[in-house]
Each structure stands twice: as C-alpha cells, then as structure tokens.
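Asks: Per this note's numbering, the sequence shown runs over residues 115 to 552.
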Amino acid sequence: MTQLALRGPIYSLTADPFLNAPSDSVVYLSDGVILIRDGLILEIGAYAQLRDTLPSDIDLRHYPDAILMPGFVDAHIHYPQVEIIGSYGAQLLEWLNKYTFPAEARFVDKERARRIADFFVAELLRNGTTSASVFCTSAPGSVDAVFQAAQRRNMLLLAGKMMMDSHAPANLVDTAQSSYDDSKALIEGWHKRGRCFYTVTPRFALTSSPAQLELAGALMREYSDVRLQSHISENRAEVARAAELYPARKHYTDIYEHYGLLDARAIYGHGIHLSEDELRRFYETGANIAHCPTSNFFIGSGLFDIKKVRDAARPVTVGLGTDVGGGTSFSMLQTMSEAYKMAQLRGISLTATQCYYLATLGSAEALGLADRVGSLRAGCEADIVVVDPRATPLLKMRADVAESLDELLFALMICADDRSIAATYVAGELVHEREAAV
Ligand code: GUN
Ligand code: ZN
115 MTQLALRGPI
125 YSLTADPFLN
135 APSDSVVYLS
145 DGVILIRDGL
155 ILEIGAYAQL
165 RDTLPSDIDL
175 RHYPDAILMP
185 GFVDAHIHYP
195 QVEIIGSYGA
205 QLLEWLNKYT
215 FPAEARFVDK
225 ERARRIADFF
235 VAELLRNGTT
245 SASVFCTSAP
255 GSVDAVFQAA
265 QRRNMLLLAG
275 KMMMDSHAPA
285 NLVDTAQSSY
295 DDSKALIEGW
305 HKRGRCFYTV
315 TPRFALTSSP
325 AQLELAGALM
335 REYSDVRLQS
345 HISENRAEVA
355 RAAELYPARK
365 HYTDIYEHYG
375 LLDARAIYGH
385 GIHLSEDELR
395 RFYETGANIA
405 HCPTSNFFIG
415 SGLFDIKKVR
425 DAARPVTVGL
435 GTDVGGGTSF
445 SMLQTMSEAY
455 KMAQLRGISL
465 TATQCYYLAT
475 LGSAEALGLA
485 DRVGSLRAGC
495 EADIVVVDPR
505 ATPLLKMRAD
515 VAESLDELLF
525 ALMICADDRS
535 IAATYVAGEL
545 VHEREAAV
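(1) Tell me, please, whether the region 169-179 touches the region 438-456 by the rule of three or more beta-carbon pairs shorter than 8 Å.
(2) Between Gln195 and Ala354, what straight-line distance do the alpha-carbon atoms span, to the nearest angstrom?
(3) Whole angstroms is fine: what's the gap from Ala162's alpha carbon to Gly542's?
(4) Looking at the secondary structure, which residues open and close the alpha helix (DSSP H) in which Asn402 lies?
(5) My guess is that Met456 and Met527 are in contact by the Cβ rule of under 8 Å, so how many angstroms apart are they, rounded?
(6) Closer than 7 Å: is that where the CB of Phe221 sits relative to any heavy atom of ligand 2?
(7) As an exercise, report each continuous alpha helix (DSSP H) stretch of at least 4 residues that is fully enclosed by the region 263-317, in chain order.
(8) For Leu417, verify whether its CB is less than 7 Å away from any heavy atom of ligand 1.
(9) Using a Cβ-based criterion (distance less than 7 Å to any ligand heavy atom), does Phe318 qualify as near ligand 3?
(10) Can you grab the Cα-Cα spacing for the pair Leu544 / Ala513, in whole Å?
(11) Kindly provide the ranges of any beta strand (DSSP E) runs that are 3 or more residues long and lie completely inside the region 369-418, ordered along the chain.
(12) Please classify Gln468 as buried or exposed, where buried requires at least 16 other C-beta atoms within 10 Å of its C-beta.
(13) CB of Thr214 to nearest heavy atom of ligand 1: below 7 Å?
(14) Output the residues surrounding ligand 2, defined as those with a CB atom closer than 5 Å to any ligand heavy atom, in chain order.
(15) Does chain D have any CB closer than 8 Å to the CB of Glu302?
(16) List the DSSP bridge partners of Ala119.
(17) Could you pull the start and end residues of the beta strand (DSSP E) that Phe132 belongs to?
(18) Using the three-state DSSP reduction, which class does Pro169 fall into: helix, strand or coil?
(19) Do you know whose CA, among Arg379, Ala160, Ile150 and Asn134, lies nearest Tyr142's CA?
(20) Which same chain residues end up closer than 7 Å to Gly374 when comparing Cβ atoms and leaving out the 5 residues on each side of it in sequence?
(21) Cβ of Glu336 within 7 Å of any heavy atom in ligand 1?
(22) Using a 10 Å radius around the Cβ and a threshold of 16 neighbouring Cβ atoms, would you call Asp138 buried or exposed?
(23) Quick check: the region 515-529 against the region 406-421, are at least 3 beta-carbon pairs closer than 8 Å?
(24) Check whether the Cβ of Ser293 lies closer than 7 Å to any heavy atom of ligand 1, and answer yes or no.
(25) Could you compute how far the alpha carbon of Ala273 sits from the alpha carbon of Ser247?
(26) Reducing DSSP to helix, strand and coil, say where Arg226 ends up.
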C-alpha cells in the first residue's frame, strides 16, 4: 500500500504551555515531514533527515508555504443549532426558550437531522476542525445522524443525546427512564465504533430532575470509558436557578458531584462564574472545562478568568469550544482570537502558544483524547490541518513583516478564519481542500 507523507513547516504542541516553558511545549520544524500509514503518524521529523528513508513510491505532498498543524479539536459544539447561529438580542435563558428549543424540536425529523449533520461535519472540516464534542438533541435519531456523517469521513467525533426531562417544551423533553434507556442503546450502538465515542449528555441542572441526574450517574458507573458533557455556571440567572432547584447542594458544582458526574471523564461548558471552592473540586476530581469565548461575548454571559482557572497551584484542565449556535463561528482560529481578547479584559495577555494549545492539545486533554489527537507525534492519529498564513491580501501583508514564528502565528490567529484552511486530513485522508483563489 502506498504510504503518504506531508512535507512543509510543522508546528505542534507537545505539553501544556500554561505549566511548562514554551520551549518545552512546542515542536517546530521549518522543513519537516510527516509519514503516514494506516491513518496513523508513523514518523515525524526534519525532511533532511528522513528524506533518504522514505519509500520510493511514497505519495509525497509538499506544502512549502503553509504550516502543518494538528487538526483543531472543538471541545463543545451543538450541531442542531447551526441554523440559529447569530440570533438577536437575548441572554442565556431567554435565548434557549426563544431560539434554541424550537430549533432543536425540529430534529425529530430524521431527514432534517441527516441533512444538517452532513452540513455540520463538512463545515467543521472546512474550518480545520477534525474532532469535536457534540451536543445533539433529545431525539436519539439526531445522534445517529451526526455519527453517521462523521463515520462517512472516518472522523473522530464524540456526541451524545441531550438528557432533559424538566422545564423545557413538551416536544423536547424526555423522561428520566427514557433518557437512560435511549442513552444506553446509543452507547451500545455507537461507542467505540470506528472513531465514534459516546458522551453522556445531561443538558444542565436546570432541565434535569434529580432522578435524571441519578440515572446519568448510573450510566457513568456502568460504562467506565464513556465521557460526559454538560453546562455549568455560564450565566448568573442560571446559577441562581440551579440553587433554587437543588437547595440542598452546596453550590452548582456540588449538584453534579452529588450525582457522580464530576470526574476526569467530564467536560463542562463555560464555568465562568465558578467559585474558588468549585474550581478546587474540578481540579481535585480531574473534571474539565470547555472555554467558549465567542458564545460568552455573544450571549453576554461574562468573562471567563483563564488565569484564575489555570492557576498552577490547582490548574483545571481547559479546552476550547465554539459553542455554535450560541457561539458565532466554526473557526477555532477566530475562537482563539476571542479567547485572547477575553483574557485581555481580565488583564492577561495569552501567548500564541497558549492559544494554539487550547485549540489542539488542550481540548484533546480535556476530552481524554490526548493519546490519539491534538498533537503531531508518532503513534497519533493522522488528523492534520494545512494552514495558509497568507490566505488574504491583509494576511499576506501582515505575514511578510512578521519577524518571528510567534509573531506570525499570533497575527494569524487574530486575523484568520476558514479562508486560511488550505486542506484538512482525517486519519491520513484528504477530506477538505480549499478551492483555488480566483
Ligand atoms: N446551557 C444549557 N443549554 C445550553 C445551550 O444549548 N447553549 C448554551 N450556550 N448554554 C446552554
Ligand atoms: Zn453549549
């Protein structure tokens, strides 16, 4: 079988730059090559060193003007919300009722679910996102649709059926028992089938009864390697409502912990308003946070304090999510840009290295996938994005005066978007190639 090799500048994170020196966190090869076989990275190194070892019939693709990076990993996104992206004027609870629930209710239509799932997966790949943790709707068919779309491209995807049995429209709610039964059937049908991974998905404490959270915990006990995703502490009215609904619990985090939903397999979207005590519980249990800055700005939820959350004394693991359709872009480059700006408003300037970490290895770590994706290392799965730092006249002008790699990468993440994604490879197969500029 002909092997594939990608040659060009290579940039990849190998460790957490919030906790390690940049020089210990990054690999950069100005002229590198990635040798791929059976969907895995067989070898990676300087082209000059590996050139003579490459098989004579190798399919060698050269991207001298691009940067090869690990595919981006979106730690939190809702596929049924693509059509309501950019909906006007509401904060979280009103936004859910006015736009989100009606949109999600339409996914009982399996044909619609298939069509939107296909669009969604293509859009991820067009943006260089090769893996994502995806919220579906309460309809089990919505999960089948997105896993089928991912499977057709051999894409590593996590997804789960929304569990929601309370305080939501009648056409969307399940029951504690039906949500357990449906989730269990989906786990049996999809978990670890190819590159599909099931994620138990209670929407959030406001739309789950105690009985439902109890059964979500039961699923996590029964299946030791499924993940869990939910939302926490995104909006102040939401935090107050959670306290009203669960008055016996010490705080919002304690609600989830009480039902066995806080451990290293769990990732919670937002976490903007978590107290020190709650952050400590996240750290001690190994639970993770998906930081979703475009959504937090757009819905007006607040400013995530990444410096506090990642404090080296008790660093909570954080990945980066778009949270489309509360979030406003599929582009992880745009999402990095907004993470930078949000940190600026909290008085710290994230480095480019830290931002690229959040969008790749950080998200992979937060989703328990770091042994597979998020980094370009021998043995990892060959999910690779070819980033063009000169994709537009403005980007070219900016790149041409950059005096260092960090300067180039920083300006790129601030100004770039899907136009800079020249190509996307999933498990060593080309799945997206940008149309040539006219
Ligand atoms: N909290 C509960 N559900 C949602 C959702 O769909 N989007 C966002 N941003 N927050 C939520
Ligand atoms: Zn969300």
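Ideal placement from N, C-alpha and C gives every residue a C-beta, glycine not left out. All of these numbers come straight from a predicted model, not from anything done at the bench.
Replies: The relevant details are as follows:
(1) Because the criterion of three Cβ pairs below 8 Å is not met, the region 169-179 and the region 438-456 do not touch.
(2) Here the C-alpha atom of Gln195 lies approximately 25 Å from the C-alpha atom of Ala354.
(3) Cα to Cα, the separation comes out at about 22 Å.
(4) For Asn402, no alpha helix (DSSP H) encloses it; the enclosing beta strand (DSSP E) starts and ends at Asn402 to His405.
(5) Going by Cβ atoms, the distance from Met456 to Met527 rounds to 14 Å, so no, they are not a contact pair.
(6) Look at Phe221: its beta carbon is at least 7 Å from all of the heavy atoms in ligand 2.
(7) List check, alpha helix (DSSP H) in window: 290-304.
(8) No, Cβ of Leu417 sits at least 7 Å from all heavy atoms of ligand 1.
(9) Only ligand 1 and ligand 2 can be found as ligands here, which leaves ligand 3 out of the picture.
(10) Taking the straight line from one Cα to the other gives about 26 Å.
(11) Taking only runs of at least 3 residues, the beta strand (DSSP E) segments lying wholly in the region 369-418 are 380-384 and 402-405.
(12) By the neighbour-count rule (16 or more Cβ atoms within 10 Å), Gln468 is buried.
(13) True, at least one ligand heavy atom lies under 7 Å from that Cβ.
(14) The set, ordered by position in the chain, is Gly383 and Asp437.
(15) No chain D appears in this structure, which consists of one protein chain only.
(16) Ala119 is bridged to Leu149 and Leu174.
(17) Taken as a continuous stretch (DSSP letters only), Phe132 belongs to no beta strand (DSSP E), as it is neither H nor E.
(18) Note: Pro169 maps to coil in three-state DSSP.
(19) Closest by alpha carbon: Ala160.
(20) So the qualifying residues of the chain are Gly331, Met334 and Arg335.
(21) It does not: the Cβ of Glu336 is nowhere closer than 7 Å to a heavy atom of ligand 1.
(22) Label assigned to Asp138: exposed.
(23) The region 406-421, when compared against the region 515-529, does not touch it at the 8 Å Cβ threshold.
(24) No, ligand 1 has no heavy atom inside 7 Å of this Cβ.
(25) Rounded to the nearest angstrom, the two C-alpha atoms are 6 Å apart.
(26) Correct three-state label for Arg226: helix.
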